[in-house]
Structure formats: structure tokens, C-alpha cells
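Take the sequence shown: its letters are residues 13 to 384, numbered as in my numbering. Note that beta-carbon positions come from the ideal geometry of N, C-alpha and C, so glycine has one too. A quick note: this is a predicted structure, and the numbers were derived from the prediction, not measured. So the structure is just underneath, and the comments pick up after that.
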Amino acid sequence: MAEKAKVYFTDFRCPSWRENLPQKLARLMMTAGFGDIDMEGKYVAIKIHFGEPGNLAYLRPNWARAVAGLVKSQGGKPFLTDCNTLYVGGRKNALDHIESAYVNGFTPYSTDCHILIADGLKGNDEVEVPVKGGEYVKSAKIGRAVMDADVFVSLTHFKGHEQAGMGGALKNIGMGCGSRAGKMEQHNAGTPYVNGKKCIGCGSCIKICAHGAPAITDGKASIDESKCVGCARCLAVCPTDAVSVRNDEAPSILNKKIAEYTKAVVDGRPCFHVSLVLDISPNCDCHGENDVPIAPDVGMFASFDPVALDQACADAVLAQKPLANSMIYDKDSGCAESDVFRAAHPDTDWKVCLEHAEKLGIGTRDYELIKI
């Protein structure tokens with residue numbers, strides 16, 4: 013019988029003046045074995061999501077500073093990193109991306125380290141990384157700075173996600189470290205379509221698309237599949253929910269590709285993973301807004317195994333009572349779906365990513381939770 017992965021956990025309680033939350037995170041990480049990684053003189057990538065401007069659910073810079081400080085205490089050279097986005101927004105090129113990070117509080121003064129956008133100025137500075145056992149991806153396109161780092165650390169805001177179902181460590185790593193071309197490859201399993209009866213011809217889909225796929229004819233939108241990359245931003249901005257995924261297979265394929273991209277990032281080098289389960293928004297921090305959390309804050313989790321980490325975080329969220337003022341809560345019946353991630357996005361299945369990641373040998377869903 014395979015050995016269980018160790019996942020370390022602590023809550024957000026700080027009843028004493030002796031320790032604040034960033035200090036508690038540092039203690040959790042060191043207890044989980046972070047100090048055993050050889051970082052002396054080495055470059056350490058800290059993968060984080062800086063948040064789309066307008067979003068307030070992303071992790072505060074204070075958390076990044078705590079992780080960067082630990083890296084420096086071990087002799088490492090930390091930098092915060094992410095890759096550029098497919099969609100039109102505040103993070104589609106390195107200059108806008110860094111500016112957005114600064115606006116959201118991530119400066120060298122607040123985090124005690126610098127920012128490097130991993131796939132460069134225009135999102136095309138990438139490294140082709142073979143994926144052993146990849147079913148959909150044989151060679152992943154990863155931002156160069158991520159692959160140039162000697163040590164990789166993921167610092168994840170655990171939340172829901174409109175396409176993957178759940179945004180955990182695997183999503184933060186797999187999708188987040190893909191270059192723009194890498195993100196296209198992951199998203200292109202399916203293309204959306206427009207329900208003409210619901211469409212009001214507002215043009216929101218046209219404004220958000222970076223590839224010119226939508227067009228309006230006779231007051232109704234349509235999508236040119238030859239131009240569409242399947243990034244799903246038009247789904248998110250449509251005010252009448254007129255844009256939908258064409259088939260149910262696309263989210264599952266996306267989740268499997270996320271797992272395969274994660275394997276490309278973590279294979280063959282020291283890695284460590286931290287997830288903070290708070291402000292559990294139903295959608296990704298890529299949105300320029302955030303809805304209220306779907307479940308209460310839980311705590312901080314850390315592990316060398318990203319699969320076990322995601323499973324532990326998901327189990328912890330599912331053990332909570334859904335919040336009554338959230339999008340998934342019905343005033344008459346409460347939350348009819350016991351899985352809050354499926355309740356928020358019924359066409360998704362977050363388990364697919366974890367199952368595929370386990371199959372690829374990234375980690376195991378079988379874990380021992382160690383509380384500190």
C-alpha cells in the first residue's frame with residue numbers, strides 16, 4: 013500500500029499577540045519541511061496570481077512577503093511570477109501585468125522581492141517541456157523564467173473556477189505557468205456558442221476577445237470557431253448567459269491538460285506548495301470583479317504534494333456549510349448540491365484534474381492531515 017502524502021494545516025486563529033498570520037504561515041511551512049530544501053544561492057520562483065484589477069479576492073501581498081522572507085532566510089533568491097493572459101485585460105503583456113501587480117499592492121517594498129513575468133513582454137518567451145505520459149499534451153509551453161528557476165514554490169488562493177470547477181494548486185501551476193500559446197493549447201478543447209434567444213447584442217463578447225472571434229449580425233452575436241481559442245472570457249462577461257460551452261467534454265479535457273502542464277513544471281526539481289483557503293470566491297481571480305465567498309474561510313495548507321494538497325483543501329471546503337448570501341445558496345432549500353464547486357458551476361468536475369494528476373505520477377489523493 014502506497015504511503016500517504018503529508019499535508020500540514022493550521023487555521024486562521026491568532027488569539028495571542030505573540031504571533032500574527034504571516035508568522036503563523038511561516039511556522040506552518042517550516043513544520044512541513046520547507047527548510048529541508050537546499051536554496052543556498054539558488055533562484056526560487058514563487059508562483060502567485062496578482063489578481064485582475066477590480067478583483068478583491070486575490071491573496072494580499074503580505075502572504076507573498078512571508079514566503080519570500082522564508083526563502084531568503086534559507087539563502088535563496090526569490091521572485092514572484094506569473095504568465096500573461098489570453099484575454100484582454102490588465103495582464104495581457106508584461107508591462108500591464110507588472111503595473112496591475114503594483115496597483116494591487118505587489119511591489120518590491122511590500123513583498124521584499126521582485127516580480128518577473130515568466131513568459132516575457134508579449135507572452136511568447138517560453139520553453140517547450142516534454143510531458144511524460146501526456147495524453148493530450150506531449151510538449152508543454154511553459155514561461156521561461158519558471159523553468160529557469162532552481163526551486164519552484166506555488167502560493168495559491170484556493171477558490172472556485174468557472175471552467176475547471178476548482179482553482180487550487182494544480183490550476184495555479186498548470187494554467188498559470190503556461191505561456192499565452194500554452195494557455196491556448198489548454199483552452200482549445202471546445203469552443204463556445206451563442207444562444208440567439210438570450211443574446212441582446214450588447215457587444216461585451218467582442219470587447220473582451222483578443223482574437224476577433226465574435227461578431228454581431230442583425231443585433232445578435234456569433235462566434236467564428238476558426239478564430240476562437242476557447243479561453244471562455246466571453247462566457248464570463250455575457251450579461252444574459254447567452255454564451256455557453258458547446259459540449260460537456262471541454263471542461264474535463266481542460267482539467268486533464270492542466271494536470272499535464274503541472275507535470276511539466278514540477279518534474280525533476282525541488283518544489284513546495286502552499287494553499288490559503290480564504291475568500292473562497294466562485295470564480296477565478298482573473299475576473300475584474302469577485303462575488304461573495306461560497307464557503308467560510310478555513311485555513312492554511314502546505315505540502316510537497318500538490319495533488320494531496322488540492323484534495324485536502326477541497327475536503328475541508330466541502331465540510332463547511334455554504335454561505336447563505338452566496339450565488340449557490342437558495343433561500344428555500346439552502347444549497348441543494350453538496351459539492352459547492354459543482355453547485356457554482358454544474359458543468360464542471362474538479363475531481364478530473366486530481367485523478368489525472370495522480371495517474372501521471374504527480375502525487376496522490378491519499379493524504380494524512382497534520383494539524384499544527
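CB-CB length for residue i against residue j, believed under 8 Å
{"i": "Y70", "j": "R245", "result": "At roughly 17 Å, the Cβ-Cβ gap does not stay under 8 Å, so Y70 and R245 are not in contact."}
{"i": "V206", "j": "A233", "result": "5 Å"}
{"i": "V165", "j": "V56", "result": "6 Å"}
{"i": "G179", "j": "H357", "result": "About 11 Å separates the two Cβ atoms, so there is no contact after all."}
Exposure label - residue i; buried when at least 16 CB within 10 Å
{"i": "E64", "result": "buried"}
{"i": "L107", "result": "exposed"}
{"i": "G188", "result": "buried"}
{"i": "C26", "result": "exposed"}
{"i": "K183", "result": "buried"}
{"i": "W29", "result": "exposed"}
{"i": "Q35", "result": "exposed"}
{"i": "R377", "result": "buried"}
Terminal residues of the alpha helix (DSSP H) in which residue i lies
{"i": "S122", "result": "P120 to T123"}
{"i": "M159", "result": "R156 to D160"}
{"i": "G194", "result": "R192 to H199"}
{"i": "V352", "result": "V352 to A356"}
{"i": "E370", "result": "K363 to K371"}
Residues near residue i in its chain [Cβ-Cβ closer than 6 Å; skip 5 each side]
{"i": "A1", "result": "Nothing about residue 1 can be reported from this structure: the residues present for the chain run from 13 to 384 only."}
{"i": "K54", "result": "G88, D162 and V163"}
{"i": "K210", "result": "T252 and A254"}
{"i": "G304", "result": "One detail in the question is off: residue 304 reads as Val in this sequence, not Gly. Contacts found: N337 and S338."}
{"i": "C79", "result": "Correcting the residue type first, residue 79 is Val in the shown sequence and not Cys. Cβ within range, chain order: I58 and L167."}
{"i": "H285", "result": "S166, A181, S315, P318 and L321"}
{"i": "C296", "result": "H173 and G179"}
Per DSSP, cross-strand counterpart(s) of residue i
{"i": "G177", "result": "H173"}
Boundaries (first-last residue) of the beta strand (DSSP E) holding residue i
{"i": "S234", "result": "K232 to I235"}
{"i": "F21", "result": "A17 to T22"}
{"i": "H285", "result": "C283 to V289"}
{"i": "M51", "result": "Segment: none, M51 is in no beta strand (DSSP E) and carries neither H nor E."}
{"i": "V141", "result": "E138 to P142"}
{"i": "S315", "result": "G311 to S315"}
{"i": "P204", "result": "P204 to V206"}
Cβ neighbours of residue i in the same chain (closer than 8 Å, five flanking residues each side left out)
{"i": "D309", "result": "F24, V289, L290, D291 and I292"}
{"i": "P334", "result": "I306, A307, I340, Y341, G346, C347, V352 and A355"}
Other residues of its chain near residue i: CB distance less than 7 Å, five sequence neighbours each side excluded
{"i": "Y148", "result": "I265, K268, K269 and E272"}
{"i": "V255", "result": "P204, V206, C217, C246 and L247"}
{"i": "G194", "result": "E138, A152, K153, I154 and Y273"}
{"i": "Q175", "result": "A244, P263, L266 and T360"}
{"i": "G208", "result": "K232"}
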